[in-house]
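Worksheet: the structure to be examined is printed underneath.
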Amino acid sequence: MGAEAVAVEYLSVGANRQTSIADWSRHGTLAFGADVNVALWQPAATPLKGVTGLLSGHKEPVKAVNFLPEAEGDESTYLVSGSDDKTLVVWKAAAGTADFRLLLSSSEHTGAINCITAHRIGSDAARWLVVTGAADATIRVWRFENDQLLLIQTIKTTPKYFPLSLSLTALDADGNCLLLAAAGTRDTVQILTAENTPDKLQFALQATLSGHEGWIRSLSFTRETAEPDSDILLASASQDKYIRIWRLRQGTVLPAPAAADPSSGAFLPGKSPSNKAHRFQCAGNDYSLSFEALLLGHEDWVYSARWHNHANGQLQLLSTSADNSLAIWESDPTSGIWVSIARMGEISREKGATTATGSTGGFWTGLWSPDGKSVACLGRTGSWRRWEYDASADSWQPRVAVTGHTKAVTGISWSKDGDYVLSTSLDQTTRLHTKWSAGDGTWHEMSRPQIHGYDLNCIDSLGEAQFVSGADEKLMRVFSKPKAVAALLNQLSGISVEGLQDMPDAANMPVLGLSNKAIDTVDDDQELEPVDDRDRDAVDPASIVKRSYLKIDHPPFEETLSRHTLWPETEKLYGHGYEISCLAASHDGKLVASACKASSTNHAVIRLFETDKWTEVRPPLTAHSLTATRVRFSIDDEYLLSVGRDRQFAVFNRTAEGYQLLYSNPKAHTRMILDAAWAPSKTPMFATAGRDKQVRIWTLQNNPEGNPGFTQTTSIPTSVPVTSVDFLGKAIGDRYALALGTETGRIGLYVVAEDGSQTVEVPLDPELSLSKSILQLAWRPVSGDATVTTHELAVAGDDNSLRLYSFSEPYLDVQTGS
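Residue numbers (UniProt numbering): 1 to 818.
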């Protein structure tokens, strides 16, 4: 398969919200857990491409990711990941590349793996010590060399706690003694040491550090200076809102107590930091460990703290907190007091944000780039934020990062002319993705039209500037593109702004509201009214849209997406008695067909709404006795197809009186039908996909009595249930391209003969498969332009991913033999 024949255009997925979820390698790859996958991202790459790969190997959500420390001359790069599935996986790539392959996995733990740390032992050979902490209340120590992983010690936590953070370093310059810090669901830090001997490397508890008053989320060791025998500093971050720094030095002489900044309130009542020294020996040397400093400044749980030794000898600490801020700390060279020299994110008292805007919950983890000139942090919405240090301005400037859904992507829909794709998810958001013209045509999330209070199930486009979505509620909502977002999409992607003169400027979400409300944008210097939470229409000050917010020359940052790119809701469509299960808009945009979850014929009806006056066309269409799982209009809107859990399909044709039942097959499949799609053929033809591991092709033919009916002309057997199908919207020669997705995540590509009598499979690389079920497939709409020879397929996954694959037309042009 040539690289030009099939290509991955875009991968969008959000990160799991865990402190140990990500790591940034010395070669510039940032790896993070994204549901059951490990996502790879090159933050400093040009052009900005976003996620470049998804590694599939775990069965449950990934919780910890760690690169093994590298040295010059290494031939390989290793990545270690741990998951809720209790397995530890080692991935391998050629040094400096991100082409990782699964090397091995281990299932020694009996609980979810929460944290991983690693240290390189010995300078001559590539050998590492890997330490893992899990929800089985154990810490396990592994030796990794020659691509083999060997468990050498299991430590049961005493007193019992679940490890949430680990840090490992060499205690002395020669690496004869190793130092491990462990902490988690208690308020103490345990310090363990082990002599680095080939035959017996066993960690033993040497000290228990007390002082914190909450669970400890993060630990990080560093040398104070570049000198190999300088003191070791340990930072511990806790849910008590504080970061503590501890100093470990060789010998028995204690360091002088650190000066306290009287203005910082470092010694609060009841919080007088004890300077008790912990003394121990390792490999014949004496060591002392004492409290060094208490860092105050965060207003909520502190999730992570990481050191970075800069090339100029400067030592800095990066911390992230649930208060939506990220801080960089360093020690004042004259007084030795630790001060926050930079603060990014949002200041709590000014943010005024609601949970609905995705702003609360804070930053779960923070990472330094290898050169220390950039930092990245993970927010509550699963999206990354990134800043770069601008030396000329002496400030940290925000940069474009990656965003994505954090739960299953349940629905996708292209705009009618294929300019952008909309995705909707169980994470209660709808997102708009399109190409960035100035970014070498790379794809990005450009707008977040809907942030909802219910899980979203389905979506369809009603034109270039409108869409309808259905959720776990009994109504559908229609959204229209506001002027500010239209101008943004025009600026970044060249999407037309025609016909939007009557639209409002922007939208936001009232404090107590469930739906987006139209608003006007305001000038930057305009005064805002204070919020009154008792007023249902009171506006969250953080969601005011200033004109300058969307006048940007790059894809929007996460805070802009989640607050300033909402679309106003223009209609609600009522009528269903239960949660909406599926919907479809006609190709001319004049009708919306929908169905809801049902266990009786009364509720299993298909309701039609005309979009001119937004009224229901009565009576509803009756055919099914259980939930309809998909409704689809034919290319010319002459037919409406529905399939359902009752194993039947029904076809309605358009008449002068509206849509009427033309034909139904109550035994179309032997198990429930999950999806259906029309072919762009002259004679009506469609495919149905079922849990009976079959895709069946049906063609309109007259029966012996002369009545029209749909007859099965061929079928595609599969080894697992098929969950989604879609036909490319144009013929390739005299044949049709059909994509199918299975419950196990496999994508199949088939060419169907013009009369539907034969199918031929087009070979696809297994690496295009997903880790979980494919929930929907959608080919990009094809205009009449014959010069378009590459076709994009959007894939919505149960693994939280939205993927775009492109296929060249010659690659799809396979002879069927008909």
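C-beta atoms are modelled at their ideal positions from N, C-alpha and C, and glycine is treated no differently.
What residue does the beta strand (DSSP E) around residue i start on, and which one ends it?
i      : result
Gln397 : Ser395 to Arg399
Leu201 : Here Leu201 belongs to no beta strand (DSSP E), and DSSP marks it neither H nor E.
Glu390 : Here the sequence assigns Asp to residue 390, which means Glu is not the residue at that position. It spans Trp384 to Asp390 - the beta strand (DSSP E) in which Asp390 sits, taken as one unbroken run.
Ser340 : Trp338 to Gly345
Ala604 : Per DSSP, Ala604 belongs to no beta strand (DSSP E) and is neither H nor E.
Lys92  : Leu88 to Ala94
Gln250 : Ile243 to Gln250
Gln190 : Val189 to Glu195
In angstroms with no decimal places, state the Cα-to-Cα distance between residue i and residue j.
i           : j      : result
Glu571      : Phe479 : 7 Å
Gly439      : Pro482 : 24 Å
Gln18       : Val89  : 18 Å
Thr627      : Ala408 : 20 Å
Lys667      : Asp646 : 9 Å
residue 819 : Phe280 : In the structure as shown, the chain begins at 1 and stops at 818. Residue 819 is therefore absent and cannot be evaluated.
Asn324      : Phe363 : 6 Å
Thr790      : Glu445 : 22 Å
Val592      : Leu583 : 7 Å
Leu749      : Leu777 : 11 Å
Ala45       : Ser25  : 14 Å
Phe100      : His310 : 29 Å
Gly50       : Thr601 : 46 Å
Ser106      : Ala518 : 53 Å
Asp261      : Gly336 : Since pLDDT at Asp261 reaches only 44, below the 50 mark, its modelled position is unreliable, and the value read off the structure follows with that caveat. Distance between the alpha carbons of Asp261 and Gly336: 10 Å.
Ala204      : Glu299 : 35 Å
Gln250      : Thr565 : 56 Å
Ala118      : Phe144 : 10 Å
Met476      : Lys373 : 47 Å
Thr197      : Val80  : 24 Å
Ser515      : Ser413 : 21 Å
Ser304      : Thr615 : 53 Å
Val421      : Ala95  : 36 Å
Val617      : Val375 : 55 Å
Gly658      : Ile635 : 17 Å
Ala235      : Leu378 : 20 Å
Under 8 Å between the Cβ atoms of residue i and residue j?
i      : j      : result
Trp307 : Ser220 : yes
Thr252 : Ser288 : yes
Leu489 : Thr434 : yes
Gly411 : Ala739 : no
Val720 : Ala687 : no
Leu700 : Thr683 : yes
Lys633 : His603 : One detail in the question is off: residue 633 reads as Phe in this sequence, not Lys. Going by C-beta atoms, Phe633 is not nearer than 8 Å to His603.
Lys63  : Asn16  : yes
Ala34  : Gly53  : no
Leu462 : Thr611 : yes
Could you pull the start and end residues of the alpha helix (DSSP H) that residue i belongs to?
i           : result
Lys156      : Careful: Lys156 lies outside any alpha helix (DSSP H), inside the beta strand (DSSP E) at Gln148 to Lys156.
residue 865 : In the structure as shown, the chain starts at 1 and stops at 818, and residue 865 therefore has no counterpart that could be examined.
Thr560      : Glu558 to His564
Tyr811      : Glu809 to Leu812
Per DSSP, residue i forms a beta bridge with which residues?
i      : result
Gly690 : Ile673
Val13  : Beta-bridge pairing links Val13 to no other residue.
Phe652 : Leu640 and Leu661
Ile635 : According to DSSP, Ile635 bridges with nothing at all.
Trp678 : Phe686
Gln281 : Asp286
Val62  : Ser83
Gly797 : Ile774
Ser374 : Glu388
Val38  : Gly33 and Leu55
Trp301 : BP columns for Trp301 are empty, so no partner.
Val708 : Reading off the sequence shown, one finds Pro at residue 708, where the question assumed Val. Asn702, per the DSSP bridge assignment.
Lys572 : Arg477
Using CA atoms only, rank isn't needed, just tell me which of the options is closest to residue i.
i      : options                           : result
Glu224 : Ile152, Pro333, Gln190 and Arg279 : Pro333
Gly752 : Ser769, Arg696 and Ser806         : Before going on, a small fix: residue 752 reads as Val here, not Gly. Considering only alpha carbons, the answer is Arg696.
His452 : Trp567, Leu492 and Leu608         : Trp567
Ala207 : Leu104, Thr222 and Ala182         : Ala182
Gln491 : Ser437, Glu558 and Ala471         : Ser437
Pro620 : Ile606, Asp612 and Val631         : Ile606
Gly184 : Ser801, Arg217 and Ser340         : Arg217
Leu318 : Arg343, Ala126 and Val38          : Arg343
Pro163 : Trp779, Thr188 and Gly73          : Thr188
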